[in-house]
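Undergrad: Under the numbering used here, the sequence shown has 58 at position 70, and the numbering climbs by one with no breaks.
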Amino acid sequence: MDMTLLKSYLRIDGSEDDSILALLVEAAKKDLRDSGVMDPIAETPDERYDLAVMLFVALHYENRDPSIKIDKLNAAYQSIILKLKTY
-11 MDMTLLKSYL
-1 RIDGSEDDSI
9 LALLVEAAKK
19 DLRDSGVMDP
29 IAETPDERYD
39 LAVMLFVALH
49 YENRDPSIKI
59 DKLNAAYQSI
69 ILKLKTY
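1. I'd like to know whether the C-beta atoms of residue -6 and residue 45 end up nearer to each other than 8 Å.
2. Compute the beta-carbon to beta-carbon distance between residue 64 and residue 43, rounded to the nearest angstrom, for a pair I have assumed lies under 8 Å.
3. Using a 10 Å radius around the Cβ and a threshold of 16 neighbouring Cβ atoms, would you call residue 115 buried or exposed?
4. Quick one: Cα of residue 70 to Cα of residue 15, how far?
5. Who are the Cβ neighbours of residue 21 in its own chain at under 8 Å, not counting the five residues just before and after it?
6. When the Cα of residue 9 is compared with those of 50, 37, 67, which residue comes out closest?
7. Cutting at 8 Å between CB atoms, please list the residues of its own chain near residue 36, excluding the five before and the five after it.
8. Please return the same chain residues whose Cβ sits closer than 8 Å to the Cβ of residue 5, not counting the five positions on each side in sequence.
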């Protein structure tokens, strides 16, 4: 995942949260694998996979308060998982 693209998506300018973002990116990739989504092949990148990673990161980075409802972002993330999932 291109950190510059991710930070642009999240509208982050500084680098103080880079380690948190890297942790969330790895968690997103593992979550996608656990959901049945294969890692994209390097020669054929899938923009939907990158978007799913960015949505997961946004979901967990921007909503750190567990009392906040995050259904819309979660629904978008689940929709992409279903499209990328291999059965």
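Cβ coordinates follow ideal geometry from the N, Cα and C atoms, glycine included.
TA: In short, the structure shows the following:
1. It is a contact, given that the beta carbons lie within the stated cut-off.
2. Sure, about 6 Å apart at Cβ, within 8 Å.
3. The requested residue 115 is not part of the displayed model; the chain covers only -11 to 75.
4. Cα to Cα, residue 70 sits roughly 18 Å from residue 15.
5. Annotation for residue 21: 27 place their beta carbon closer than 8 Å to its own, counting only its chain and skipping 5 residues before and after.
6. Of the listed residues, the one whose Cα sits closest to residue 9 is 50.
7. Cβ neighbours of residue 36 beyond the five flanking positions: 68, 71, 72.
8. Excluding positions up to five away in sequence, the list reads 49.
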